[in-house]
Every structure is written in C-alpha cells, then in structure tokens.
Amino acid sequence: MEFSIATLLSYFSDDKLVAGKILEKKLGCEDEQSIEALQIVLDALERIGILTKERGKYRRIYPEGIVEAKLRCSSKGFCFAIQDIEDAEDIYVRESYLSHAWNGDRVLVKVIKEGSRRRSPEGEVVLILERANPSLLAQVKQENTDFHAVPLDDRLLFELALKQNGVNLDKVVDHLVHVSVVRYPLADLPPVGKVTRILGSDAEEAADTDIVCCKHDLPHEFAPEVLKIAENLPTEFSPSDLENRQDFRPFFTFTLEPELTEGLPFIENAFSIEHLAEQDQWQVALHITDVAHFVQPQTLLDKIAKKRGTSIQLGDKLLPLFPDDVIRRCSLIANQDRLAVTIQLTLNRKGETEEFSFHPSIIRVDQGLTYQEAQNILADSDKAPSDLYQWLNPLLINLCPLIKAQRLQRGSFDLVSETTFPYKDEGRLGTVLNDSQWPIRSLITEIAILAGKGVAEHLQALEVPAIYCAHPEPDWEELEDVIKLGANLGLEINLSPEEEIKSLDYARLTQAFADIPAQRILSFMLQNTLRTIKYNSHPAAHFGLAYQDAYTHCVSPGQRYADLRIQRVLKLIASEGRDRRTQKTKIGVDLHSSRCHGQINWNVLPPAIQEELLEDLHLLIAHLNEREKVAEDAEKDLMGLKKAEKMKERTGKVFRGLITGVQSYGFFVEIEDLLVEGLVHVSSLKDDWYEFRPRYSCLVGRKNRIAYRLGDEVDVEVKSVDYYRQQIDLVTVGGGSLLKTDDWEDE
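All residue numbers for the sequence shown refer to the numbering used here, where the first residue is -4 and numbers rise by one.
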C-alpha cells in the first residue's frame, strides 16, 4: 500500500462523511498491516484538526488561515508556498518554519503574518501532503566512517545519511548516484537514503537518459509480477470476445507509421476509407487498438499504467506505459485479426464532418506502410500498386488537405518544429507540427484530431462523464519577448497586452515569420510560449486547435492513460448504455451515432455507474496533469543536456547568433544553427560600463556608446558550460552597434 496524505484527502469532497472501509477500498489497503497504517494516519489527521469523526465516519475540515500550496525554494534558502488559486499571493516560509518540507512538496501552510504592500505574507508548514522527491541525484561524501549524499539540486537544502545496502560506499565517494529516500527527516533525526544506482564519476560521465530518469524518478522497467501478467494475456479470441462487435475485416485497412526504429513498435491506429457515391461523401474509419479489452480496471497492469500516466520519449529511448507483451498483443500488425474501437467519420466534399459514430470492432490490417513507402506511392502512381493508390490518394491527397483548410480557416495554426511525439494527434504541445521530412505525418494528424473532436462532442451530448482536453491560451509575458524581437527585426505586429490572445494571432505570427531570415529562431521561441495541454472534467477551449468547446484525446490508449479511460467510457456506453427512456418504449436511439444528439432526455448510464465514473475521473485528472508535466519536464531536460553536451565540445569556438533577450545582468544569444541559447553576462563586457535601457531592450556602453539590442546579430565565443544545470556562458568577440545621439533620448 502506497498513498500520500494528498491522495487520501482527495476522497473527501462536498462536506460528505466517508467511512473508513470506503477509504480502505479506494486506497487498496488489503492486509492487516496496511489497514492499521491507514488508521494511524486518520487518527493523526483528526488530532491536528484536518479531519473530524462523526458516527464512525470522517469529514474533511478546512481550518481558517490554512492554505494548500506547493513549496518552491531557492539555492539561497528562500522558500515560498505557491497557491493553486490564480492571482493568490505567494507565502514566504522561513527555513525554521519548513517543518522538514523540501522543495516541490505539496503542503498545508498556516499564515502567521499578513502581507503588506511591499512584503509577502509569511507562513509555516503545518502538514506535508505529498513528497515530491522520493529519490534524487546526489554525490557521495565521506566524513570519518560515515557516508552521506549531497543533492545535486541546490534547492534541496539538506544532506542524507546513507544506509549500507550492499553497495561499497568507499568506492563511490564523489561519484554521482541515484538515492532513494528510506526515511524522511523526523524530529532531530536526519533523512536517510540508500544508493540504488551508480551513474558515473560525475554528471558528464553519466548517460543523459539515466540522469533524466533518476532526476524525475522515472521507472526503467516493470516488476516481475507485472511482466508475468502481461506474458499470460490471452493470444486468441473467444466467441464472447467477438459479440456485439462490428466486423471491419472486409474493408481494406492500412497503417501509416514512421520508419521502424530499435525496440518494439506500437502500432495503435489503422485506417479504412469508403466512397459513398450516392451522397457524394467519404466515410473514413480510424481504428484504435482495443487496449481496454486486455487491461481491465483495478488490475495490476491498470494500476501500473495509471501510476505512469503516459509514455515518455527520451531521445531513442521510450519509457512505455505497458510491458512489451501487452504491446505485442495489441499492436495492429498486418495479416492478423485484432480487436479495436473504430471511429467512423462521414465527411462531405469540403472535408466537414456530417456524422460521427463509434463501434467496438474486429479488424484485419491488409497493408502496413511507412511514411516513406506511402510518399513513394503517391509520388509515382504509375509504378504503385493500384489497390494502395486508390485508398491512399483520396485520404491523403483529397480529404486531409480539405480538413486542414477547415482547421486553419477557424484560426488554428501549424508550427515547424524539431520536436516529435509518438502520437497521431497534436500531442501535449497542443498544435500541429509540420514535419518537412514526412508531410504525411501532419496529414494523418488531421484525421486523429477530427476523431478526438467527434468523441468529445458525443460524450458531451450523452452527458456521460469524460476527460476533456483543453489547451490554455499563452501568457502575455511569455509572448512579449517574441513580439519585441519580431518588431526589432522589422515585422509589423499589432498585438496589445490589453487584448485577449487568440489562436488567429499565432497564425498571423507564423505567417509573418516565414518572410524573414530568423524564421527558425522565432518559430522555436513561439513554440516555447505555448502552454502544455490540460485535462478537465468539463469541456474547455483548445487554443492550438482553435476549438472553443469539447475536444479530447482518444487515439493512443496504449501510450496515454487518459486515452485508455476514454476508450473504457465508449465501451461502457456500448455495453451498459440505455438507448430509451423506459423499457416500455419500443424504439430506441442509436447511442453509437451522432444521430442521437438532441433526442436524449434520460441518463444514458445507470445512476450507480454514472456516479462512480464521475467521481473516479474527477480524482484522476489532477494526477494525469501532473504526469504530463513530469513527462514534459523530463523531455525538455534531456534536450537541454544534449545541447549542453554539444556546446561543451565546442568550448572556445566562435558562432554567429541573434540577441533574443536583454536584461540588466546581460543578454541572451540564440545560435540559430544549433538552436542553443547562452548568456553573455554583463560582467564579461570589459570595454565599458554598460547600462540597461528596458524601454528599448538594450545594454548601452556609458562611454563608447556601443549598444547590444534585441534582434542584433553578434559573434560569440563559448566560454564555459555547466552540463548538469544546462547553463552556457558566452562572451562577445564582435557585433553590437554604435549608438547615434538621435537614436533615442536618454530615459
């Protein structure tokens, strides 16, 4: 049994009483020891006034002056509690009031001193809800006969005593290691850890993927009992498995995937297309592998996948959601029968969706194609097999460009990016990426997005609990530097902080960037202003796709747990959904089709199932968002380490770069060829005393009048690189411009 106090408290809502037995079930307390541990926690929460006990049941109390927050510390020991509530003040927490809480921990903080106009309120940690650092990267140090671990993250303001666990600590002194926390600090007792992995003599000697996995506590492998369950999954279908499934095997079906790489490919999606001549329509079927059939709720496979939340792509290494045996059983391999959930989209000649439907199905892939093979077929129809060309051409040449035109017309936009995701839809970035090497990739993304839109609208119309995918609009402060840079490079950009940022603004920016030499840098910076997608229990706007209402992810149930849950909801509608108000009603509606929208005035799911599903998904969403954030941070960390490694090898070399940001302490330079950013610190400008002019985003020499402005090109030398912190220090060897007296007035 593993649970945090935050998880425990999440089961208390709406001032309801909750029985201990219910908590035991939800938290998976199945043996005497875990039940006893839970009771100890409940008693402790009751004593400190977080819970109250009434008639043998518990109720959550919200004491006045106590807020929930996430702790953020600096390397100098300053700590602030950051509240989840938008625009709420940060609370300063002195080191003596941390109560052994660490950077990143979720805590309850009591406000002990109100804030003023110039000072933040002050508080003290009264309860640690959830630890953020179950493990960490550290260096081993020795003092006499004792060994301790010093965290590499200088925001972690402590050292751990090391427990002997079979590792010869004498031989790993000063080495970089991965340490698991055995005991958190208690009263005067220090935290205790054990070395679980020796990474190298220092950060630069360790493998970058190992550093990222250890830093973010990402699992490398599956436990033996999980592998055993996956290995024993059935390899054949029983007659009951095929009941109430639509048979799509007569339809020509194909898959489109990137070039095969090392590891086991997980092919989750296949396509079929049919022309409805009489209606002048096309019916596109997107087949999604039926992972939900093999991974049942509350099984060990399900719990592990839920805990991971999403697969994570670290360069060539994929940290999967499921073991290889699940992937083998579910992957849509050619010439093998597979269970699927099929999304059918009926499209008119403009590429607009006229009807949506879904079906639990059985399919058989006729042809597996790589992007290169598909592009070759479309490029040379005379040499291509006629059966392949007749299906690929209408989908990729006729329909997908029309669907894309519809998306762009409503204000959506594309980005040219170095980033790739293992999904067919827009992924966590929130917008479609144009792949110059494989244009087919972005074309089939259009079908996946339409499928997500159709599923979300259908679940909303049926008023069934669901997980919706939102994409928040960017912050103006994040976008402001890009706009200033574009303006300094001669672009006319009419955006104001008083106006709401719209998707169409980004579409116009990408069009404007295409006409200047610094397009690659500006596109990269614009991508970095986008916020990560968020999961919600209610429909919300999606900025990148310019949707104002319901949208969800559904095409990758083997790589994102959110998609697996959506697949289960669809199958629940198929198996438990009520297609009529009462049994006396002779004719029901088709719950599988959008034709039923507007005809339903009853609960589609039985009340008990509806309530349980609603509560379950509500509790799940915060966890999924947290896992997406971890995945994003890990992938960015790896990219940063690779760039730092690349620049470490180039120490002393000179590059041409563009000034992309100017502050009082120096200016940032982006090296376009490598898309690497470094800092020229003001202290390295030895030829004069430089003053910061914030109004004009530049540094100006007091005597020589040389200016370093936003958008200027400069020659820089790589001075030093801090690999682990991913900090690149540069010095100028050329560039800057001589300030004329009439350029601007002194501020």
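All C-beta atoms, glycine included, are put in the ideal place defined by N, C-alpha and C.
These numbers were taken from a predicted model, which means no experiment stands behind them.
(1) If you draw a straight line from the C-alpha of VAL104 to the C-alpha of HIS533, how long is it?
(2) Given a cut-off of 7 Å, decide if TYR384 and ILE392 are closer than it, judged by their beta-carbon atoms.
(3) For GLU119, which of helix, strand or coil comes out of DSSP?
(4) Report yes if the CB atom of LEU151 is closer than 7 Å to the CB atom of ASN98, and no otherwise.
(5) Determine the extent of the alpha helix (DSSP H) in which TRP471 is found, giving its start and end residues.
(6) At which residues does the alpha helix (DSSP H) containing ASP319 begin and terminate?
(7) State the Cα-Cα distance for the pair HIS211 and PHE153, rounded to the nearest angstrom.
(8) Let me know the beta strand (DSSP E) ranges lying completely inside the stretch 359 to 447, each 3 residues or longer, listed in chain order.
(9) So, VAL172 versus GLY188, is the Cβ gap smaller than 7 Å?
(10) Expressed to the nearest angstrom, what Euclidean distance is found between the alpha-carbon atoms of THR284 and ASN264?
(11) Can you confirm whether the stretch 652 to 662 touches the stretch 691 to 705 when touching is taken to mean that 3 or more C-beta pairs between the two stretches lie within less than 8 Å?
(12) Please return the same chain residues whose Cβ sits closer than 6 Å to the Cβ of TYR179, not counting the five positions on each side in sequence.
(13) Between which two residues does the beta strand (DSSP E) containing PRO245 stretch?
(14) For PHE7 versus ARG55, is the C-beta distance shorter than 7 Å?
(15) Which runs of the alpha helix (DSSP H) spanning at least 4 residues fall entirely within the stretch 507 to 557, listed in chain order?
(16) Which term fits TRP597, buried or exposed, when burial requires 16 or more other beta carbons within 10 angstroms of its beta carbon?
(17) Quick check on LYS648: buried or exposed, where buried means 16 or more other Cβ atoms within 10 Å of its Cβ?
(18) What would DSSP say about ALA156, mapped onto helix, strand or coil?
(19) Can you look up ASP165 in the DSSP assignment and give me helix, strand or coil?
(20) Note down the Cα distance separating LEU37 from ASP10, rounded to an integer number of angstroms.
(21) Give the range of the beta strand (DSSP E) segment to which HIS95 is assigned.
(22) Hey, quick one: how far does the beta strand (DSSP E) through ASN264 stretch, first residue to last?
(23) Pairs of beta-carbons, one from the stretch 721 to 731 and one from the stretch 673 to 680, closer than 8 Å: are there three or more?
(24) Once the 5 residues before and after SER743 are set aside, which same chain residues still bring their CB inside 6 Å of it?
(25) Please return the same chain residues whose Cβ sits closer than 8 Å to the Cβ of LEU124, not counting the five positions on each side in sequence.
(26) Assuming SER306 and PRO315 form a contact by the criterion Cβ under 8 Å, report the distance between their Cβ atoms to the nearest whole angstrom.
(27) Pick out whichever of SER196, ARG333 and TYR718 has its Cα sitting closest to the Cα of PHE249.
(28) Given GLU742, which residues of its chain have a CB within under 7 Å of its CB, disregarding the five upstream and five downstream residues?
(29) Between LEU540, VAL135 and LEU445, which lies nearest to LEU155 when the distance is taken from Cα to Cα?
(30) Relative to the ligand MG, is the shortest distance from any of its heavy atoms to the C-beta of ASP500 smaller than 6 Å?
(31) Apart from the five residues just before and just after GLN514, which ones in its own chain have a Cβ nearer than 7 Å to its Cβ?
(32) Please name the residue or residues paired with GLN339 in a DSSP beta bridge.
(33) How is GLU742 classed by DSSP in three states: helix, strand or coil?
Let's see:
(1) As a working note, residue 104 is residue 109 in the sequence shown. As a working note, residue 533 is residue 538 in the sequence shown. So the alpha carbons of these two residues sit roughly 29 Å apart.
(2) Indexing the sequence shown from 1 puts residue 392 at position 397. Indexing the sequence shown from 1 puts residue 384 at position 389. Not a contact, by the Cβ cut-off of 7 Å.
(3) Here the question's residue 119 lines up with position 124 in the sequence shown. In this structure, GLU119 counts as strand in the three-state DSSP scheme.
(4) Along the sequence shown, one-based indexing puts residue 151 at 156. Along the sequence shown, one-based indexing puts residue 98 at 103. Between LEU151 and ASN98, the C-beta gap is smaller than 7 Å, which places the two residues in contact.
(5) One-based indexing of the sequence shown puts residue 471 at position 476. That run of the alpha helix (DSSP H) goes 471 to 483.
(6) Locating residue 319 in the sequence shown gives position 324, where the first residue counts as 1. Its alpha helix (DSSP H) spans residues 319 to 325.
(7) One-based indexing of the sequence shown puts residue 211 at position 216. One-based indexing of the sequence shown puts residue 153 at position 158. Cα to Cα, the separation comes out at about 18 Å.
(8) Correct list: 362 to 365, 409 to 411 and 427 to 429.
(9) For the purposes of this step, residue 172 is taken as residue 177 along the sequence shown, with counting starting at 1. For the purposes of this step, residue 188 is taken as residue 193 along the sequence shown, with counting starting at 1. Contact flag unset, no.
(10) Against the sequence shown, residue 284 aligns to sequence position 289. Against the sequence shown, residue 264 aligns to sequence position 269. The alpha-carbon atoms of THR284 and ASN264 are separated by roughly 6 Å.
(11) yes
(12) Residue 179 sits at position 184 when you count from the first residue of the sequence shown. Spatial neighbours of TYR179 in its own chain (CB-CB distance under 6 Å, excluding positions within 5 residues in sequence) are listed in chain order as PRO186.
(13) One-based indexing of the sequence shown puts residue 245 at position 250. Careful: PRO245 lies outside any beta strand (DSSP E) and carries neither H nor E.
(14) As a working note, residue 7 is residue 12 in the sequence shown. As a working note, residue 55 is residue 60 in the sequence shown. Cβ atoms of PHE7 and ARG55: closer than 7 Å.
(15) 514 to 524
(16) For the purposes of this step, residue 597 is identified with residue 602 of the sequence shown, where counting begins at 1. TRP597 comes out exposed.
(17) Within the sequence shown, numbered from 1, the residue matching residue 648 stands at position 653. It is exposed - the Cβ of LYS648 has fewer than 16 other Cβ atoms within 10 Å.
(18) Your numbering for residue 156 matches position 161 in the sequence shown. Three-state DSSP puts ALA156 in a strand.
(19) The residue you call residue 165 lines up with position 170 of the sequence shown. ASP165: helix per DSSP, three-state reduction.
(20) Walking along the sequence shown from the start, residue 37 turns up at place 42. Walking along the sequence shown from the start, residue 10 turns up at place 15. The alpha-carbon atoms of LEU37 and ASP10 are separated by roughly 17 Å.
(21) By 1-based counting over the sequence shown, the position of residue 95 is 100. Premise fails: HIS95 is in no beta strand (DSSP E) and is neither H nor E.
(22) Numbered from its first residue, the sequence shown carries residue 264 at position 269. Start and end: 264 to 271.
(23) Inter-segment contact for the stretch 721 to 731 and the stretch 673 to 680 is present: three or more beta-carbon pairs are separated by less than 8 Å.
(24) With the chain represented from -4 up to 742, any question about residue 743 goes unanswered, as that position is not in the structure.
(25) The residue given as residue 124 occupies position 129 in the sequence shown. SER(-1), ILE0, ALA1, LEU4, GLU63, ASP100, ARG101, VAL102 and LEU103, listed in sequence order.
(26) Position 311 of the sequence shown holds residue 306. Position 320 of the sequence shown holds residue 315. About 5 Å; that satisfies the 8 Å criterion.
(27) Taking the first residue of the sequence shown as 1, we reach residue 249 at position 254. Checked all of SER196, ARG333 and TYR718; the closest Cα to PHE249 is ARG333.
(28) Residue 742 sits at position 747 when you count from the first residue of the sequence shown. The pLDDT assigned to GLU742 is 49, lower than 50, so where the model puts this residue is not dependable; a value taken from the coordinates is nonetheless given after this. Excluding sequence neighbours, GLU742 sits near ARG688 and ARG690.
(29) Stepping through the sequence shown from its first residue, residue 155 is reached at position 160. The option with the nearest alpha carbon to LEU155 is VAL135.
(30) Ligands are entirely absent from the displayed structure, and the ligand MG is therefore not among its contents.
(31) Here residue 514 corresponds to residue number 519 of the sequence shown, with the count starting at 1. The answer, listed in chain order, is PHE508.
(32) Along the sequence shown, read from residue 1 onward, the residue named residue 339 stands at position 344. The partner list for GLN339 (beta bridge, DSSP) reads ALA280 and SER352.
(33) Position 747 of the sequence shown holds residue 742. Note on GLU742: pLDDT 49, under 50, position unreliable in the model; the coordinate value appears next. Note: GLU742 maps to coil in three-state DSSP.
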